[in-house]
Amino acid sequence: FPHMSVVENVSYGLKMINAPKEEYIQKSFETLKLVGLENYENRMPSELSGGQQQRVAVARAIVLEPKVLLFDEPLSNLDAKLRRQVREDIRELQQELGVTTIYVTHDQEEALAISDKVIVMNNAVIAQEGRPKDLYNNPKTTFVANFIGDANIVKARIETRNENNYDINFGGIQMKISSNIDLKDSVSIALRPETIEIIKEKTNNCMAAKIINASYVGSCYQYVVSSSVGELFIVSNE
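Mapping of the sequence shown onto full-length UniProt numbering: residues 1 to 238, in sequence order.
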C-alpha cells in the first residue's frame with residue numbers, strides 16, 4: 001500500500017486477523033530483519049528501490065506464517081541484475097523458512113535456478129514435470145525443449161535399435177541415444193546450443209556448416225550457422 005510505511009504494510013495482515021498490538025509489532029520487526037530491511041521500517045514504498053519493494057511484499061506474506069507461499073511473476077518489473085539478486089534472496093529465504101513455495105514464471109532461467117521441481121504447463125495441461133536438470137537434459141516434447149532453454153530441433157533417422165538403445169543419424173552425424181519410448185523410424189532431437197562444437201578442420205562424425213551470424217555477448221559468442229539439417233544456434237567460448 002503506497003500510503004503506508006514499510007512496517008505498516010508488513011503488519012497489515014496481522015491487524016486484519018486481530019493479533020494483539022504487541023505481537024504484530026514484534027513479529028513485523030522480526031520479519032523485516034529476516035528480509036534485510038530492519039532499518040527501513042519508517043520509510044514509504046516510494047522511497048525504496050524495486051528490490052526493496054519486493055522484499056516488503058515477501059515480508060507481508062511470511063509474517064502470517066503461511067503453510068504455502070505463492071509467487072506470481074514477482075520479478076517481472078525488475079532489471080536483469082536486480083532480478084537475479086532478488087531471486088537468490090527468495091530462494092535463500094525459502095530454504096531458511098522451509099515453507100512450500102509455488103513460483104509462477106515465464107522466465108525459464110528463473111525456473112531452473114530457483115526450483116527443486118519444475119512443472120511446465122502448455123494450454124493449462126502439464127507438459128512435463130521433474131527436476132530442473134532432468135527437464136533441461138531430457139525434455140519429452142519439442143514444446144518443453146524450446147521452453148526450457150534454447151534448443152535446435154532437428155530430424156534424425158533411426159538406423160539400428162537394440163531394446164531401448166538406438167543408433168541415429170542426422171546430417172551425416174552418428175549418435176547413440178537411449179529411450180524408454182518405442183521410437184519409430186524417424187525422430188526429432190533437441191540439440192542444446194552449448195553442446196555443439198565449432199571446429200576448423202574436418203574430422204570424423206562432423207557436418208559442414210556456414211556461419212551466417214556471429215555475436216559477442218560478453219560471457220560467450222553466439223553463432224547462427226547454416227547446415228544440411230537447417231539453421232543451428234550455437235553458444236561457444238571462442
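Cβ atoms here follow ideal geometry from the backbone N, Cα and C, with glycine treated the same way.
Suppose the cutoff is 6 Å on Cβ atoms and the five residues either side in sequence are ignored; what does the same chain contact list for residue i look like?
| i | result |
| --- | --- |
| Glu129 | Ile119 |
| Ser11 | Tyr24, Ser28 |
| Val187 | Ala156 |
Spell out the partners DSSP gives residue i in its beta bridges.
| i | result |
| --- | --- |
| Ile234 | Tyr223 |
| Gly130 | Val118 |
| Asp167 | Thr160, Lys176 |
| Lys210 | Ser226 |
| Val187 | Ala156 |
Looking only at its own chain, which residues have a Cβ that is under 8 Å from the Cβ of residue i, when we skip the five neighbours before and after it?
| i | result |
| --- | --- |
| Phe170 | Val154, Lys155, Ala156, Arg157, Ile189, Val229 |
| Leu37 | Val6, Gln52, Arg55, Val56, Ala59 |
| Pro2 | Met44, Pro45, Ser46 |
| Leu78 | Gly50, Gly51, Gln54, Val86 |
On a Cα-Cα basis, can you pick out the residue from the options that is closest to residue i?
| i | options | result |
| --- | --- | --- |
| Ala80 | Gly50, Ala61, Ala59, Gly98 | Gly50 |
| residue 250 | Asn123, Ala113, Met121, Thr142 | Nothing about residue 250 can be read from this structure; the chain reaches only from 1 to 238. |
| Asn204 | Met175, Glu194, Tyr40 | Met175 |
| Asn162 | Ser179, Asp150, Phe147 | Ser179 |
| Val235 | Lys210, Ile198, Pro193, Ile211 | Pro193 |
| Thr31 | Asn9, Asn18, Val125 | Asn9 |
Within its chain, find whatever has a CB closer than 7 Å to the CB of residue i; leave out the 5 residues flanking it on each side and keep chain order.
| i | result |
| --- | --- |
| residue 241 | The structure shown does not extend to residue 241, since the chain spans only 1 to 238, so no value can be given for it. |
| Phe143 | Asn122, Ala127 |
| Ile177 | Tyr166, Ile168 |
| Gly13 | Arg60, Val63, Leu64 |
**Message:** Pairs of beta-carbons, one from the segment 67-87 and one from the segment 101-121, closer than 8 Å: are there three or more?
**Reply:** yes
**Prompt:** Taking the runs of the alpha helix (DSSP H) that are 4 residues or longer, which of them lie wholly in the UniProt domain "ABC transporter" (1-148)?
**Reply:** 6-16, 21-34, 50-62, 80-97, 108-114, 132-137, 142-147
**Prompt:** Quick one: any contact between the segment 216-224 and the segment 170-180, if contact means 3 or more CB pairs under 8 Å?
**Reply:** no
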